[in-house]
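Note sheet for the following structure.
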Amino acid sequence: MTSPRAIALEIVRREGGFVNDPDDPGGATNLGVTIHTMRRLGLDLDGDGDVDVADVRAITLEVAVDLYLDHYFQGARIHRLPEPIQATVFDMQVNAGNRAVKILQELINETGLLAAPLEVDGAIGPQTARATHQVHDAMGEFLVDAYGIARRNFHYRLADRRAASRKYARRRDGGKGGWIARAEEFIRLRYHLTAAQHAARIAAW
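Residues 1 to 205 (our numbering) are what the sequence shown spells out, left to right.
Take a look at the structure:
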């Protein structure tokens, strides 16, 4: 089993260093930690009485990993899910907040394996945890693949609606952007889109 800390370190690797992209609703970001998250948590790292871009620049690897574990793994109760799906949900939680769990809940409902559908509320309570274990017992690794595909589809749809976000789903050369490549890191190669399939998906952009 991969430890949550090891997963968090991998997420930091994917997120990269400091960026302040005006097209990113998250604002100034460093190692995947946004200025909005820092303000919500009161992380005044330079001790000057406010949380600003200087604090974002001051984030260290240790601060980022501890924040991920406290607020995105334990805080979101991802530890309650089956171990094989924890890494991809954790990664998406950092990337998209509680939309990560909503995607999981929607997917669980779409399987038709539950007696009653889950409430899609973005929270991992006892019912969501129990239902995910039930569906994972029935589907195994296919549930992890299906979640990664659902992540990929979510990002394509987001870019369909918001032109400014398309650069995160499509590289300048037309290839798969970071959002799409990141989702596919968690699914088996047989379910990756080919270059031609990706090009067809974004042709209307």
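Where a beta carbon is used, it is the ideal one built from N, C-alpha and C, also for glycine.
Small disclaimer: the values here were computed from a predicted structure and weren't measured.
- Pick from Gly-122, Ile-35, Phe-186 and Gln-127: whose alpha carbon is nearest that of Ala-76? The residue given as residue 76 occupies position 76 in the sequence shown. Nearest option by C-alpha distance: Gly-122.
- With contact counted as at least three CB pairs below 8 Å, one residue from each stretch, are the stretch 106–123 and the stretch 141–152 in contact? yes
- Best match in Tyr-156, His-79 and Pro-4 for proximity to Val-65 [C-alpha to C-alpha]: The residue you call residue 65 lines up with position 65 of the sequence shown. Answer by Cα proximity: Pro-4.
- Item | Alpha-carbon spacing of Tyr-156 relative to Ile-180, whole angstroms | Working through the sequence shown from its first residue, we reach residue 156 at position 156. Working through the sequence shown from its first residue, we reach residue 180 at position 180. Going from the Cα of Tyr-156 to the Cα of Ile-180 covers about 8 Å.
- Query: So Leu-31 and Glu-15 are in contact, right, with Cβ under 8 Å, and what is the actual spacing, rounded?
  - Reply: Mapped onto the sequence shown, residue 31 falls at position 31. Mapped onto the sequence shown, residue 15 falls at position 15. 6 Å between Cβ atoms; contact.
- Message: Which complete alpha helix (DSSP H) runs does the stretch 119–167 hold, if anything under 4 residues is left out?
- Response: 126–139 and 141–161
- Task: Look up Arg-188 in the DSSP assignment and say whether it is helix, strand or coil.
- Result: For the purposes of this step, residue 188 is taken as residue 188 along the sequence shown, with counting starting at 1. Correct three-state label for Arg-188: coil.
- Query: From Gly-27 to Thr-37, what does the alpha carbon distance come to, in whole angstroms?
  - Reply: Indexing the sequence shown from 1 puts residue 27 at position 27. Indexing the sequence shown from 1 puts residue 37 at position 37. The alpha-carbon atoms of Gly-27 and Thr-37 are separated by roughly 10 Å.
- Message: So, does the stretch 112–128 touch the stretch 45–55, judging by three or more C-beta pairs under 8 Å?
- Response: no
- Can you list, in chain order, the residues of its chain whose CB lies under 8 Å from that of Val-53, leaving out five sequence neighbours each side? If you number the sequence shown from 1, residue 53 lands on position 53. For Val-53, same chain residues with a beta-carbon under 8 Å away, outside a window of 5 residues either side, are Asn-20, Ala-28 and Ile-35 in chain order.
- Taking buried to mean at least 16 other C-beta atoms within 10 Å of its own C-beta, is Tyr-191 buried or exposed? The count along the sequence shown starts at 1 and reaches residue 191 at position 191. Tyr-191 should be labelled exposed.
- Secondary structure of Arg-39, DSSP reduced to three states: In the sequence shown, residue 39 corresponds to position 39, counting from 1. In the structure shown, Arg-39 falls within a helical segment according to DSSP collapsed to helix, strand and coil.
- Excluding the five sequence neighbours on either side, which residues of its own chain have a C-beta within less than 7 Å of the C-beta of Leu-43, listed in chain order? One-based indexing of the sequence shown puts residue 43 at position 43. Only Val-51 and Asp-55 meet the Cβ criterion.
- Tell me the start and end of each unbroken alpha helix (DSSP H) in the stretch 83–112 that is at least 4 residues and wholly inside, in chain order. Under the rule that a run must span 4 or more residues, the alpha helix (DSSP H) segments found entirely inside the stretch 83–112 read 83–96 and 99–110.
- Message: Could you give the first and the last residue of the continuous alpha helix (DSSP H) run that contains Ile-11?
- Response: The residue labelled residue 11 in the question sits at position 11 within the sequence shown. 4–15 is the extent of the alpha helix (DSSP H) around Ile-11.
- Message: Less than 9 Å between the beta carbons of Leu-9 and Leu-61, yes or no?
- Response: Working through the sequence shown from its first residue, we reach residue 9 at position 9. Working through the sequence shown from its first residue, we reach residue 61 at position 61. Yes, these two residues count as a Cβ contact at 9 Å.
- Message: Give me the residue from Gly-17, His-71, Ala-129 and Arg-171 with the minimum Cα distance to Ile-85.
- Response: Position 85 of the sequence shown, counted from the start, is the residue given in the question as residue 85. For the residues Gly-17, His-71, Ala-129 and Arg-171, the minimum Cα distance to Ile-85 belongs to Ala-129.
- Could you give the DSSP three-state label for Val-53: helix, strand or coil? Here residue 53 is taken as the residue at index 53 of the sequence shown, counted from 1. Helix at Val-53.
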